[in-house]
Every structure is written in C-alpha cells, then in structure tokens.
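Accompanying notes for the structure given below.
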Amino acid sequence: MAANSVAEHVSECLQLAMLLEVSAYPKPGNVHRTADFSDTRYEHFLASAVVVGEFFREAALRGVLVGQGKLEPSEVGVGGIIRDAVAKVSSRVNGGNTVLGSVILLSPLAVAAGITLHTEKGLSVHVLRRNVQRVVQSTTPVDAVNLYEAIEKAKPGGLGNAPKLDVNNPSSKTEILKRGISLYEIFKIAADYDSIAAEWTKGYPVTFSLGYPYFVSEFKQTNDFNIATVHTYLKILSEIPDTLIARKAGKVRAVEISEEAGRILELGGLTTVEGRRRLTEFDEKLRKAGNKLNPGTTADLVSSVLAVTVLKGYQP
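Just so you know, we're using our numbering here: the sequence shown kicks off at 6 and counts up by one.
See below:
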C-alpha cells in the first residue's frame, strides 16, 4: 500500500473507533447517542472525531517514514501531534474536553499502524503492539512539553495535583527540558494513578490483553457491534477502577462502581432483560451525579480497543 493510502486508511479506522465509542449505548455515566451532559453533547464528540482525522493521517504517515528508515522514532513528534489535535478541536468544537485522553492513546497507535502496515502483509496485532511500545519509548522531552501544552488547552476536569512535575506548575516545562525527561518517563511517574499513563508505560495492557480479546469474543457471540462495545466498556470498568472517578470522588467510590459494572455483566448485560434494566438504572444513577461519576478514562480505553478492532478489520 502506498504511504498516503496507508495514512488515509489508518485515519479512517481511528476516526471510526472514536465515533463507535461515543455512539455505544447505554454506556453508563458518559455521553452516548441518547444522553448528553449539560456542557458536552453527543454532537461535540462527533465533530471532534472529524477534526482529529488530519492529525491521525499525519501520525500514520510519519509511521510509514519510520518503517522506510527515513525517520527515527524519536523524530516522530507524538507530543506535537497530540497538542495540535487538541488545539484544533478546542478552536472548532464548543463542548470542552472531548478528545484529550483518546488522542493521547490513539496517536501512538496511528504511528505504530503506519509502521506495521508498511512493513507487514496485513496487520498483526502482536506486531502492532510491539510497534506502539517502540513509539512511546522513543518520545522526547519536547514531546513531554507539547503534551503539557495540550493539557493546558484541553483543561480537563478532575486533573488533580501530581506529586512531581505537576502540569499546573508553570516551572514544570522548564524543568522537563533542563533535566531531559521524556514523555514516556513523565507517564511512568503518573502510571500508578492514571490508567492512560499506565497504558503507555506498560505496553497497552488494557487495550491488547483485556479489551481487544474480550470484544472479539463478545462480537462473535452476539454479532452486534453495540453490544460488544458496551460489554467491553463494562468489562474494563469492572476490572480497572476508573482513575478519573478516583480523582474526583475517591478510590472507594471508584471500586464500588467497578463492582456494580461486574454485577451487570454477570446478569448478561444487554443480552438479558434484567441485565438491560440494571444497566439503564446504573447509567441514570451515574448521570445524576453529573461529571463527578463519569468513567471518562474507561471510555478513552474503549476507543483504543476499538481502534485495534477496526484496524484488524472488524466492521459495524
């Protein structure tokens, strides 16, 4: 496949993953096709997925160049891609932070997919995962500073204060450059309290080891993309307490929500009357708490799972 064709294909797959993730319903506690928040609506997420397409294309194209040996992984500039994508969404969409977490996860995947599709016949999930690790481990201090600027642009809720190199501290960017701390190393600091950072530094375990195989199994059983997506969301939430909720409402509350997600899956989720009833009630309960109990990190992780799924050829 020609470089531009690879880049276009990867971008389409990742945009579709974002669209499918936000459209899945009833996805408890988050925006979906039948539920909005007062300040962030379903159409804001749709618009955001359109806006970021050009940045996924660029990321994939740089991945092809890495595969061709024309660019070093450290020269890809993942942090700059994330920053520019978030900045454009902020200028074009009025719904607040809609993409930061998903773009942080999907940008390295776009680069890795570009490498993989250039060097392999078809897409091997194992090779894709290996290339994602190669991409994130090659990030630089400039990537770290660019990510901090992306966070400043997005103004995400529930960020809290970090014990080291806090993004809210104006001196952090200067210290990062002075000490030569890469973006990968920044995420290693945050991995204990942020699931997105943990994905970066631990080889995308939720994406590849938990979410992707679970989605494939659910899809084969139900032949329903929406059911498979919602069940994958519940599965991830049941096993990985949402770190956004933990920062906003505490770890105990996050664990309680995870336990409820697990019970709904045990009841059959969307495949049984009782499971569907409990899922709808769960969605309503979380939504009544406003943004305090929205499993936003879980939603971002599902977008990463769906990116791999769609890249692999699964279609809604």
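Cβ atoms here follow ideal geometry from the backbone N, Cα and C, with glycine treated the same way.
- Check the Cα spacing between GLY34 and each of ILE109, ALA259, VAL310: the tightest is with ALA259.
- Nearest in C-alpha terms to ILE245, of all of SER79, GLY301, ALA117, is GLY301.
- Secondary structure at ALA115: helix, using DSSP grouped into helix, strand and coil.
- Taking the Cα of LEU170 as reference, the smallest distance to any Cα among LEU66, LYS158, GLY185 is reached at GLY185.
- Secondary structure at ALA29: coil, using DSSP grouped into helix, strand and coil.
- For PRO218, the enclosing alpha helix (DSSP H) covers residues 217 to 227.
- Beta-carbon to beta-carbon, LEU19 and PHE61 are separated by about 5 Å, close enough to satisfy the 8 Å threshold.
- Across the structure, LEU291 and ARG88 are spaced so that their CA atoms are roughly 30 Å apart.
- The continuous alpha helix (DSSP H) containing GLY84 extends over residues 83 to 97.
- Within its own chain, the residues whose Cβ lies closer than 6 Å to the Cβ of GLU279, once the five positions on either side in sequence are excluded, are LEU272, listed in chain order.
- As the crow flies, the alpha-carbon of THR227 is around 12 Å from that of GLY274.
- The beta carbon of VAL315 sits closer than 6 Å to the beta carbons of CYS18, LEU21, ALA22 from its chain, once the five residues preceding and following it are set aside; these are given in chain order.
- ALA312 and ALA233 have their alpha carbons spaced roughly 14 Å apart.
- Here the alpha carbon of ALA294 sits roughly 14 Å from the alpha carbon of LEU249.
- Counting along the chain, TYR238 sits inside the alpha helix (DSSP H) bounded by residues 230 to 244.
- Our two residues, LEU242 and GLY82, have alpha carbons roughly 31 Å apart in a direct line.
- Under the DSSP assignment, ASN151 falls in the alpha helix (DSSP H) whose first and last residues are 146 to 159.
- Check the Cα spacing between GLY85 and each of GLY208, VAL150, GLU286: the tightest is with VAL150.
- Counting of Cβ neighbours within 10 angstroms places VAL257 among the exposed residues, the total staying below 16.
- Residue state for ALA40 is assigned as strand, using DSSP reduced to three classes.
- The alpha helix (DSSP H) runs lying completely inside the stretch 165 to 207 and spanning 4 residues or more are 177 to 184, 188 to 195, 200 to 206, given in chain order.
- Under the three-state reduction of DSSP output, PRO321 falls in the coil class, being neither helix nor strand.
- Residue HIS236 holds the alpha-carbon nearest to the alpha-carbon of TYR217 among ILE201, SER200, HIS236.
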